[in-house]
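Residue numbers (this note's numbering): 243 to 595.
Down below is the structure, laid out as structure tokens.
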Ligand code: SF4
Ligand code: SF4
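This is the structure we're talking about:
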């Protein structure tokens with residue numbers, strides 16, 4: 243069957259941040275410098291060509307954008323300023339919108355006003371709820387804890403499971419990849435190793451292992467803070483170990499994200515040159531999560547929270563916006579889809595073996 247061409251694809255991709263990829267004249271410099279290129283695989287030129295031709299279905303079925311960790315080498319070497327590294331980033335945003343069955347992901351990427359309206363709506367919901375409790379500190383902490391547990395379960399079952407199934411359908415089923423069921427189990431280490439270590443990022447930018455290390459510490463700090471607040475009930479706990487652990491984790495999240503924000507302000511790397519609202523939203527809300535969680539626990543320990551309930555309302559607002567907008571539909575999902583992309587790539591290699 244002939245591939246479907248979308249003549250408006252370049253216009254559409256611009257809304258996801260792509261800059262000038264149509265200027266490509268196919269010289270091949272980017273492929274020559276990309277560490278992911280092999281004699282069989284042309285990174286990132288193939289993606290540039292498919293995008294220029296508007297071959298949406300091929301792009302939707304490709305896992306290649308997820309293999310790129312944006313070292314920026316291709317962009318530096320491009321004589322046409324076609325910015326292939328940023329194209330790969332934009333394709334990741336576009337793919338996220340394709341996997342999302344609700345359509346909200348695409349709306350958030352394309353419309354800043356929709357994003358602001360969604361954030362304000364969630365903030366209004368939290369304020370109304372806090373008012374309905376009479377701004378009772380104990381009740382707010384209890385409900386905040388229940389909300390975290392409920393949000394994790396709901397987002398996982400209602401958003402992530404269907405979206406990952408759609409990703410699997412586009413990239414495995416539609417590509418007619420046939421592997422025995424046991425390959426899905428034997429490839430599982432690829433999923434978890436990539437999820438927790440992002441080891442490919444280290445290969446992608448061999449000169450800058452600090453970025454990889456920093457990213458890995460952030461993933462561990464964020465996930466363990468989630469575990470400490472949800473399962474060890476950090477705000478309600480009286481165990482010294484749990485209390486100190488939460489302080490350490492929230493501080494790490496805060497300090498590392500401050501560094502990420504400053505990198506985006508300074509635009510000191512290719513990765514930071516063309517920040518989109520979704521990039522800002524992700525780092526700023528992560529920073530606010532770490533900071534506000536740290537302060538709430540500090541206010542509890544100094545017995546200040548009762549008279550400063552606004553602090554907890556602020557944390558609840560950031561938490562609700564994070565859990566209901568950024569995690570299910572925003573840039574957080576890249577962490578999940580990238581890990582599954584490595585898993586699916588591994589499964590595909592098993593077919594070819
Ligand atoms: S280096 Fe630039 S002009 Fe050359 S193929 Fe890559 S994107 Fe196109
Ligand atoms: S940003 Fe780096 S890894 Fe990604 S396509 Fe360009 S050269 Fe390859």
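Backbone N, C-alpha and C fix where the C-beta goes; we use that ideal spot for every residue, glycine too.
Only a predicted model underlies this, so the values are computations on that prediction, with no experimental measurement involved.
Within the chosen limit of 8 Å, ligand 1 does not reach the beta carbon of residue 516 with any heavy atom.
Relative to the non-hydrogen atoms of ligand 2, the Cβ of residue 281 never comes closer than 8 Å to any of them.
Of the candidates 552, 529, 526 and 527, the residue whose Cα lies closest to the Cα of residue 538 is 552. In the DSSP assignment, residue 284 falls outside any alpha helix (DSSP H), carrying neither H nor E.
Residue 391 sits exposed, since fewer than 16 C-beta atoms from the chains shown fall within 10 Å of its C-beta. Shortest gap from the CB of residue 288 to any heavy atom of ligand 2: 8 Å or more.
Judged by the Cβ position, residue 344 fails to qualify as a neighbour of ligand 2 at the 8 Å threshold, every heavy atom of the ligand being at least this far.
CA-to-CA, the gap between residue 254 and residue 585 works out to about 29 Å. Remark: the shortest separation between the CB of residue 266 and any heavy atom of ligand 1 falls under 8 Å. Apart from the 5 residues on each side of it in sequence, residue 342 sits with its Cβ closer than 6 Å to the Cβ of 405 in its chain, given in chain order.
Contact check for residue 557 against residue 386 passes: the beta carbons are separated by less than 9 Å. Here residue 245 has 297, 299 and 300 as same chain residues with Cβ atoms under 7 Å from its own Cβ, once five neighbours each way along the sequence are excluded. Of the other Cβ atoms in all chains shown, 16 or more fall within 10 Å of the Cβ of residue 496; this residue is therefore buried. Taking non-hydrogen atoms of ligand 2 into account, the C-beta of residue 278 is found less than 8 Å away from one of them.
Residue 570 holds the alpha-carbon nearest to the alpha-carbon of residue 397 among 315, 570 and 338.
Annotated three-state conformation of residue 516 is coil, per DSSP. Non-local beta-carbon contacts of residue 336 in its own chain, meaning distances under 7 Å to residues more than five positions away in sequence, involve 255 and 258 in chain order.
Closest by C-alpha distance to residue 579, out of 453, 484, 433 and 454, is 433.
Using a cutoff of 8 Å, the CB of residue 275 counts as near ligand 2, since one of the ligand's heavy atoms is closer than that.
In this chain, the alpha helix (DSSP H) harbouring residue 273 covers 271-275.
Pairing residue 430 with residue 583, the inter-Cα distance amounts to about 12 Å. Rounded to the nearest angstrom, the Cβ distance from residue 565 to residue 393 is 4 Å, consistent with a contact under 8 Å. Between ligand 1 and residue 366, a heavy atom-to-CB distance of less than 8 Å is absent. According to the DSSP assignment, residue 343 belongs to no alpha helix (DSSP H), since it is labelled neither H nor E. With a 10 Å radius around the Cβ and a threshold of 16 neighbouring Cβ atoms, residue 312 comes out buried. For residue 269, the distance from the CB to the nearest heavy atom of ligand 2 is not below 8 Å. When only Cα atoms are considered, residue 275 and residue 350 end up about 33 Å apart. For residue 508, the enclosing alpha helix (DSSP H) stretches over residues 482-508. Here the alpha carbon of residue 365 sits roughly 44 Å from the alpha carbon of residue 590. For residue 572, there is no enclosing alpha helix (DSSP H), as DSSP gives it neither H nor E.
Membership of residue 306 in the alpha helix (DSSP H) is indicated by the continuous run 306-309. Residue state for residue 267 is assigned as coil, using DSSP reduced to three classes.
For residue 380, the enclosing alpha helix (DSSP H) has its first and last residue at 379-396. Contact check for residue 545 and residue 417: beta-carbon distance about 59 Å, past the 8 Å limit, so the pair fails to qualify.
Taking the Cα positions, residue 287 is about 11 Å away from residue 324.
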